[in-house]
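Participant: One structure, pasted below without further comment.
Protein chains: 2
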Amino acid sequence: METGVEEVKHGRPLPIARIVAPRSVAVVGASDDVGKFGGRVIHYLQKHGFPGRILPINPNRATIRGLPAFPRVSAAPVAADVAILAVPASSLEAQIADCAAAGVGACVVITGKLAEAGPEGAALQDRVLSIARNAGMRLVGPNCLGIFNPVDRAMLSSSLALEEADYAPGGIGMVSQSGALMGTLLSFGRHHGARFSRCISVGNQADLGLEDFLEYLVADEATRVIGLYIEGLRDPARFRTLLRAARKPVFIVKAGRSEAGAQAARSHTASLAGAFPAFEAICRDAGAVVMEEPQAMVLACDAAIRLPPMPGPGLGLAPIASSGGSTVTFADMLPGAGLRLARMSDATRAVLGRWMPDTHIALPVDTGSFHEGTSGDGLSDCIRAFMADPDVGAVVVPMTTQPDMAGRTALFPPLGREGRKPLLYLMTAGAVGDASREVMRAADFPFFDRMSDAIAVIRALEAETEGRARRHAPQPVRPDGSGPAPALPTGALTEGEAKRLLAAYGIPVTREASAATADGAVAAARRIGFPVVLKGVSRVVVHKSDLGLVRLNLRDDDAVRAAFNDVIAALERAAPGAAEGCVVQEMARGEAELFLGATCDAQFGPMVLVGAGGVLVEFLHDVRTAPAPLSLPDARALIEGLRVAPLLHGLRGRPPTDLDAAADALMRLSWLAVDLGPRLAELDINPLILRAAGQGAIAVDARATLTGEDTP
Amino acid sequence: METGVEEVKHGRPLPIARIVAPRSVAVVGASDDVGKFGGRVIHYLQKHGFPGRILPINPNRATIRGLPAFPRVSAAPVAADVAILAVPASSLEAQIADCAAAGVGACVVITGKLAEAGPEGAALQDRVLSIARNAGMRLVGPNCLGIFNPVDRAMLSSSLALEEADYAPGGIGMVSQSGALMGTLLSFGRHHGARFSRCISVGNQADLGLEDFLEYLVADEATRVIGLYIEGLRDPARFRTLLRAARKPVFIVKAGRSEAGAQAARSHTASLAGAFPAFEAICRDAGAVVMEEPQAMVLACDAAIRLPPMPGPGLGLAPIASSGGSTVTFADMLPGAGLRLARMSDATRAVLGRWMPDTHIALPVDTGSFHEGTSGDGLSDCIRAFMADPDVGAVVVPMTTQPDMAGRTALFPPLGREGRKPLLYLMTAGAVGDASREVMRAADFPFFDRMSDAIAVIRALEAETEGRARRHAPQPVRPDGSGPAPALPTGALTEGEAKRLLAAYGIPVTREASAATADGAVAAARRIGFPVVLKGVSRVVVHKSDLGLVRLNLRDDDAVRAAFNDVIAALERAAPGAAEGCVVQEMARGEAELFLGATCDAQFGPMVLVGAGGVLVEFLHDVRTAPAPLSLPDARALIEGLRVAPLLHGLRGRPPTDLDAAADALMRLSWLAVDLGPRLAELDINPLILRAAGQGAIAVDARATLTGEDTP
């Protein structure tokens, strides 16, 4: 709950549970005309069977829709739990003041043109909020579409989504920062037989916001799964805590993914760790699933309630139907989605062999090749076999038009319930499929209208299964020899300073020595041992290799001397007056390169990144992000999740690389990020060279920028 | 037309146009019971208003569905143009023989359990075909679902898709190797208001096949766009010729994409060029568009008729709607699909400025921020501005539930028709969106139920625009100095032989000399100039570097001598008795590497491939395929299409590489592939080293396998 709100009058502040399920609702601007916002609100309250008291507020009418009306909220005989306001912005302040005076518990403000419209609206919103705060009255919105609560038949909204005949109560709780999108999703979900518990459109979040309603849904017994449409967070730390505390599946669509995509093209750690990757990382870490399409999110929420969970990640799929065309095209879509067909066990093959020629036993299964044509018994037998097959994660039935389609459809809900794996039933036809869809709705079983929907949901269910496992993962433990960080200046560090920082956390770095003269460089090279690398040092030069400031593989005195002179000259050209001499380093060689990064995200705090090393990071966008600290297994899993992972495992006769050492370095870097906190603007290791397995990894280049801030 | 078919009786062989639009249809197995195949066929013929004569065939009935029935086809008073047979396989042969004797023009055989079921069925199918061939009677099927011809109201099928109330005639012609999938797609398309000309399910293609009906649709005036669901081709060369000849958009879904995906993981050129990539390459070359999801294919076919074409590839999109939530989530999905938002012109900004605060002018446009709320005038004004904006390729309206939704919807068809760019209208709600969908159907304007559908269609329309341009591209011209190929042995070539082949086509290769002794190697190295590369030669060793048979960067006599001895020893271990000495080569250096390949596809003939070089090709799957020969611009475009292209253009201060030289090498390789034809099992250049722009490219390693075959 919001702090600093006094308890005023009866029960203020009203708990969110009571705002979502009020006993009385005042409708400001009530009307008999459903062409008006207030007319629709009262119409929908009645239509969807609101069991509490409805108080129409209208200065010009004695009754509205058969109910006694009142000129003002304060003229009503009782103080309503909730008042809904869909009045023009110009009269909002007076109406809110009247609600406050009347002792209303909360106002749901549908009125727009507030903070979202510009400074004038923002000022009005502040005044309205101030009135509410002073009275201990809660606000939902403004600029929201209200609250849908099918469980308590409290549909407090003007949304056209309420034109649907009814919304049966169910277990999907939703919070959305877009009201129109939410209304659309409710209607879309209803088509599929998905059922909702409470859905809240939070609008401008002047008072109550997404995190408040998320907290409510996490605790709400009627809500079994949570769907969130998020544009931005007011309290990222609370959001993260709530996600971690949720003991129910959470599916999320976050607006602004694509900006992050664009930013990822840049080389900066700070931008690589931009808002969306960090958001996604903390969601994944907390076991929540971030999705792309809002419609698919609703289907995933529904599937998480009405289908069993996937038995594990990485399993295969078993498509089976009476159409080779639909099963094969479905199978073709799997690799692009990171999914695969199952490998049938011998037991499954034996069952299929009862029904079809041996030559036809393969996934996907075309039941058209059954000896006697597709029979219900054969279909049931085969599906049961897949449900029992350890490599099968889910069974998929992409139906096509066929005789007795609705009758055939009725087979699947019992089979799906009997198995302990998801059974996804697809009906891709138009109106001729409606009877089958109705069979599924009546049987309370999900169906899918698109192959792409089913694939998005399978991916989401798989991620949810992974997320559930992650909730039980052990906490990261600080390793020996990790810190403390040495005292370091604010601003861009030299490579040497950055490496001292890494070394303090136990991350291996190349041996090196600085040199102010060519003779000094030669002496250093002899101490380190040939071949060596020579680099120009300057705090102001970021991309050293672009400017010819890095000379590799120097094999003798002459080469070192020549390189020193070249580099000093190049340095003077690149950063006149800012040269800080040269550094001579051991020439590290290995089998592969990674990029490791650390930063402190403005919203979510310390983060680490890992990606393909060298120039690959620039165009492959093959980077994974995770909140720090990381456990060693999580660090390893993050690296294994990279698209370049096959290269690290040894490809075409190359030896496997030391992934243990790479994971250790990443884990140690995560503690460095934790300890530096907001002081760490960014730190890159690029590359970390991975030697063959058992031979370690070593940071050969590093740069970092520290701020003077100890708190964000 | 099929060759070798004699003209027998009246008008045999019947032209396909007459099979698709017959004047008389005999229904073998006709029944009053729509639970039976034959009952449904006759019911659907009548229901969908077949204007010709229907001849029910049933030995036990005098009339069926009010029509006089006949015991056998040969007992009917006229020889039907087409007989439809949905009889058990056991009686098929006799019925076909009776049809042949009666002088029927063509049989549409719905009966299954023929060749697809096993050897017994295949033998029956052969006998049936033989009867038909001998009589000059055509066959469609067996194991097909028949013909849907809304233009002539000839719906010759038992498909449940015909339960739909009607199918208005339209311009989408479709051929499908899956009948059930096709029926489903018809019903799906009808939901969207898509209209079909003729759709043919070809089944087992005993006689008439996909290529025959494609030829018919290419010439058919009622057909404006063609959709194909393909499992395999009988006559790839004819297919390719037909695609090239089509002066209409062609959208294709090909089963078996995913197998190719798996194969692409292997390093072999032959597998990289496996069936699907070659198929896709020849389709793209012919201007056809290969898609993933059959449902999206139907929507793309429809959009290509009812929307204007995209003005060009690479343009941006302009999403506009009254919901920030829907427009932003749509925009977020673009980068993942290779699409982008448009960059608004100043003129467009000025128009938007009339309706919304300057601070809110951005793509995507949320019309909720209009000063006066979303108005029809403002919406129209903005959409007209986008239609006129040169960077806008299409306007997208992802509608959400809102007041007067159907009325608002009615604004878009006129705006879409007025502009010369596609306007994609999305209605993602459930039943509350149905009134809007009905508005669109009545206005004969497309709508989309999913964001993902709209994105798939935009990609397809963009590819179609590219394909149209490609039809007018100049023919490849053979460059000077390309061939003839030297006389070479059959089987695996040595590197030297492969390089002589390349050199004969004007592709630069490294200087080299073979050496049988260490002294010979040193002498060769001195002639070539240090540093050099030394490689072991054996016809039987494919991956030389895996076995330590390649030594790079040898800088002096001693290094060459030591390397020679090492390599000879390794060679003897790797291929005892098959060592053929060593080769000494110039050590080529450059900025980037490509993989170039050539092969002769079993279906489509000479092909070239290009991909990221070195080990990247193994796991990035970043390979493009094209039929040979290639023009220089097409070769360049193929390289530019690689995901590693940014690396070739020079990244992070690296110089841009010589793409002209790389394109020239690829183009020359394509002529080599043309000249060798089926003799070329495979040829790889890996890597082709690209130097900085203007400095050329050079093949540093090559291998090839030739067959003894001069014809496939």
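Those sequence lines, one after another, are chains A and B.
For the first sequence, my numbering gives the first residue as 1, with consecutive numbering after it.
For the second sequence, my numbering gives the first residue as 1001, with consecutive numbering after it.
Backbone N, C-alpha and C fix where the C-beta goes; we use that ideal spot for every residue, glycine too.
All figures in this text were calculated on a predicted structure; none of them were measured in a lab.
Would you check if the distance between the CB atom of S258 of chain A and the CB atom of L1315 of chain B is smaller than 8 Å?
Facilitator: No, Cβ-Cβ distance for S258 of chain A and L1315 of chain B is not below 8 Å.
Participant: Relative to the C-alpha of R643 of chain A, which candidate in A:A635, A:P633, A:V34 and A:R624 has its C-alpha closest?
Facilitator: Taking the Cα of R643 of chain A as reference, the smallest distance to any Cα among A:A635, A:P633, A:V34 and A:R624 is reached at A:R624.
Participant: Counting only the same chain and skipping the five closest in sequence on each side, list residues whose C-beta sits under 8 Å from that of A1767 of chain B.
Facilitator: Missing from the structure shown is residue 1767 of chain B; chain B here goes from 1001 to 1712 and no further.
Participant: Does any residue of chain A bring its CB to less than 8 Å from the CB of Q1402 of chain B?
Facilitator: yes
Participant: Taking only beta-carbon positions, decide if M607 of chain A is within less than 8 Å of chain B.
Facilitator: no
Participant: Please name the residue in B:E1586, B:V1151 and B:L1160 whose C-alpha comes closest to that of A1168 of chain B.
Facilitator: B:V1151
Participant: How many whole angstroms separate the CB atoms of D366 of chain A and S323 of chain A, which I take to be in contact at a CB cut-off of 8 Å?
Facilitator: 7 Å
Participant: DSSP state of F148 of chain A, grouped into three classes?
Facilitator: strand
Participant: With 16 other CB atoms within 10 Å as the buried threshold, where does H48 of chain A fall?
Facilitator: buried
Participant: Alpha carbon to alpha carbon, how far is D1302 of chain B from P1479 of chain B? Give it in angstroms, no decimals.
Facilitator: Looking at the backbone, the Cα of P1479 of chain B and that of D1302 of chain B are separated by about 42 Å.
Participant: What first and last residue would you give for the beta strand (DSSP E) that runs through E292 of chain A?
Facilitator: Premise fails: E292 of chain A is in no beta strand (DSSP E) and is neither H nor E.
Participant: Quick one: is L272 of chain A near chain B, going by C-beta distance under 8 Å?
Facilitator: Reliability of the predicted coordinates at L272 of chain A is poor, the pLDDT of 40 falling under 50, and the value obtained from them is presented with this limitation in mind. So, not an interface residue.
Participant: To which residues of the same chain is P59 of chain A closer than 6 Å at the C-beta, ignoring the five residues directly before and after it?
Facilitator: P71
Participant: Looking at the unbroken alpha helix (DSSP H) that takes in N134 of chain A, where does it start and where does it end?
Facilitator: P119 to A135
Participant: Assign H1191 of chain B to buried or exposed, taking buried as 16 or more other Cβ atoms, counted over all protein chains shown, within 10 Å of its Cβ.
Facilitator: H1191 of chain B is buried by the Cβ-count criterion.
Participant: Can you confirm whether S258 of chain A, when its beta carbon is compared against all beta carbons of chain B, has any partner nearer than 8 Å?
Facilitator: yes
Participant: In angstroms with no decimal places, state the Cα-to-Cα distance between D166 of chain A and A443 of chain A.
Facilitator: 18 Å
Participant: List the DSSP bridge partners of E1495 of chain B.
Facilitator: Beta-bridge pairing links E1495 of chain B to no other residue.
Participant: Cα-Cα, which of A:I54, A:G353 and A:V584 is closest to V27 of chain A?
Facilitator: Considering only alpha carbons, the answer is A:I54.
Participant: Exposed or buried, which one is S1326 of chain B when buried takes at least 16 other CB atoms within 10 Å?
Facilitator: buried
Participant: Kindly confirm or deny that the stretch 170 to 182 of chain A and the stretch 235 to 245 of chain A touch, where touching means at least three C-beta pairs closer than 8 Å.
Facilitator: no
Participant: Taking only three categories from DSSP, how would you classify T359 of chain A?
Facilitator: Helix at T359 of chain A.
Participant: Can you tell me the Cα-Cα spacing of L228 of chain A and P236 of chain A, whole angstroms?
Facilitator: 14 Å
Participant: Going by C-alpha distance, which of B:I1305, B:A1504, B:R1340 and B:S1201 is nearest L1482 of chain B?
Facilitator: Just to set this straight, residue 1482 of chain B is Ser in the shown sequence, not Leu. Comparing Cα-Cα distances from S1482 of chain B to each of B:I1305, B:A1504, B:R1340 and B:S1201, the minimum goes to B:A1504.
Participant: Based on Cα-Cα distance, which residue from A:F604, A:V532 and A:I507 lies nearest to G696 of chain A?
Facilitator: Of all alpha-carbon atoms in A:F604, A:V532 and A:I507, the one lying nearest the alpha-carbon of G696 of chain A is that of A:I507.
Participant: Roughly how many angstroms lie between the CA atoms of A260 of chain A and A288 of chain A, to the nearest whole one?
Facilitator: Confidence at A260 of chain A is low in this model, with a pLDDT of 39, below 50, so its placement is unreliable and the value that follows should be read with caution. Their Cα atoms are separated by approximately 19 Å.
Participant: Output, in sequence order along the chain, the residues in the stretch 173 to 199 of chain A whose CB is closer than 9 Å to any CB in chain B.
Facilitator: S176, Q177, S178, G179, A180, L181, M182, G183, T184, L185, L186, S187, F188, G189, R190, H191 and H192
Participant: When we look at the beta-carbon of A123 of chain A and count the other beta-carbons within 10 Å, is it buried (16 or more) or exposed?
Facilitator: exposed
Participant: Run down chain B in chain order and give the residues with a C-beta less than 9 Å from the C-beta of Y167 of chain A.
Facilitator: What Y167 of chain A touches in chain B: nothing, since even the nearest Cβ is about 11 Å away.
Participant: What span of residues does the alpha helix (DSSP H) with A1569 of chain B cover, start to end?
Facilitator: D1557 to A1574
Participant: Which value, in whole angstroms, describes the spacing of the CA atoms of S157 of chain A and Y44 of chain A?
Facilitator: 7 Å
Participant: List in chain order: all unbroken beta strand (DSSP E) runs of 3+ residues lying wholly within the stretch 627 to 695 of chain A.
Facilitator: With a minimum length of 3 residues, the continuous beta strand (DSSP E) runs that stay inside the stretch 627 to 695 of chain A are 680 to 690.
Participant: Restricting to Cα atoms, I'd like to know which of A:S178, A:V202 and A:S176 is closest to R138 of chain A.
Facilitator: A:V202
Participant: What distance in whole Å lies between the Cβ atoms of E593 of chain A and I689 of chain A, which are believed to be in contact at a cut-off of 8 Å?
Facilitator: 6 Å
Participant: Mind listing the chain A neighbours of L1160 of chain B? Cutoff is C-beta to C-beta under 7 Å, in chain order.
Facilitator: Residues of chain A passing the Cβ test: T401, Q402, P403, M405 and V432.
Participant: Any Cβ of chain B within less than 8 Å of the Cβ of L334 of chain A?
Facilitator: yes
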